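The structure appears right after this line, and notes come after that.
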Amino acid sequence: MSLLSDYTEQLLSLAPSGCYIGLRVGFSFPAEELNKLPDDWVEFYTANGLVVHDPVMKWVYANHGFVRWSEIGLDDPRGVLESAARFGLRYGVVASITAPGEQGKRSYGNFMRSDREFQVEEIEALHDILQRLHDAGAQQLALTNAEIEALTLQSQGLRLKQIAGELDISISAVKARLANAKRKLGAQTPSHAASIARTRGLL
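Take 0 as the starting number for the sequence shown in numbering that gives the first Met the number 0 and just add one per residue.
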């Protein structure tokens, strides 16, 4: 079970109007996400293509740390935050986390309330949860060099016997490496694992 689900209740107690977390976002897609935003807001946001105009998202990709929406200080010509308020998302805080040597992998969280600004203690708790989730994902998804070698050869169309010959190891050792990579990446097959690894820049 995803670690995200372990924190869902706590996240929603801190951000009762909704939240979105994207973990270890690569070029465009997160490795894992939690979307607890109101359906009507998601529909409006998507239908109007607001992601490219959203000052919150602009802040995410230019900063790390955390900030209240009211303190972002970026232009909002499309009135994204004003629209959010009409959907009951009047107050928000956003957090963005990166770590050195992770090939641009970023995790971020966007948290909302309808009643008041987030308190400092709440913001720190949300940031702490996001940091734990980011760090746990980094450990879980860390493939060994041996697993990357086996996945790379498998993705080139080599069969188990050929991979074993190329790496000078037994077929059972190849199977073990591919199985470990598959488990770490949450893949159904070795081919699926290779595809995920390539998407995440691991191969």
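C-beta atoms are modelled at their ideal positions from N, C-alpha and C, and glycine is treated no differently.
Treat the numbers as computed from the prediction; the structure is a model and nothing was measured.
Item: Based on the DSSP output, what are the partners of Arg67 in its beta bridges?; Value: Val92
Item: When every heavy atom of the ligand MG is checked, does at least one fall within less than 6 Å of the C-beta of Ala186?; Value: The ligand MG is not part of the structure shown, which contains no ligands of any sort.
Item: Below 7 Å between beta carbons: does that hold for Tyr107 and Val50?; Value: no
Item: Helix, strand or coil for Gly164, going by three-state DSSP, please let me know.; Value: helix
Item: Below 7 Å CB to CB, which residues in the same chain sit around Phe65 once its five sequence neighbours on both sides are set aside?; Value: Val92, Val93, Ala94, Ile122 and His126
Item: Mapping DSSP to helix, strand and coil, what is Asn34?; Value: strand
Item: Counting along the chain, where does the beta strand (DSSP E) carrying Leu22 start and finish?; Value: Gly17 to Val24
Item: What number of angstroms, rounded off, separates the C-alpha of Thr188 from the C-alpha of Lys181?; Value: 7 Å
Item: Thr143 to Leu2, Cα distance in whole Å?; Value: 22 Å
Item: Spatial neighbours of Val24 within its chain, please: CB distance less than 8 Å, with the 5 preceding and 5 following residues excluded, ordered by chain position.; Value: Ala30, Lys104, Arg105, Ser106 and Tyr107
Item: Within 10 angstroms of its Cβ, does Lys160 collect 16 or more other Cβ (buried), or is it exposed?; Value: exposed
Item: Excluding sequence positions up to five away, which residues of its chain have a Cβ less than 7 Å from the Cβ of Gly21?; Value: Pro29, Glu32, Ser106 and Tyr107
Item: Report, in whole angstroms, the separation of the C-beta atoms of Tyr6 and Ile128, which I expect to be a contact under 8 Å.; Value: 5 Å
Item: Going by DSSP in three states, Arg131 sits in which element: helix, strand or coil?; Value: helix
Item: Would you mind stating whether Leu132 and Ser16 have Cβ atoms separated by less than 7 Å?; Value: no
Item: What is the DSSP secondary structure of Tyr60, reduced to helix, strand or coil?; Value: coil
Item: Let me make sure I understand the geometry here. Which of Asp38, Val55 and Met111 has the alpha-carbon closest to that of Ala14?; Value: Met111
Item: Measure the C-alpha to C-alpha separation of Glu165 and Gly185 and round it to an integer number of angstroms.; Value: 26 Å
Item: State the DSSP-derived secondary structure class of Ser203, mapped to helix, strand or coil.; Value: The structure shown does not extend to residue 203, since the chain is modelled only from 0 to 202, so the question has no answer here.
Item: Quick check: what's the CA-CA separation for Asp75 versus Lys183?; Value: 40 Å
Item: Classify Met0: buried if its beta carbon has 16 or more other beta carbons within 10 angstroms, exposed otherwise.; Value: Note on Met0: pLDDT 41, under 50, position unreliable in the model; no value is reported.
Item: In angstroms with no decimal places, state the Cα-to-Cα distance between Tyr19 and Ala196.; Value: 24 Å
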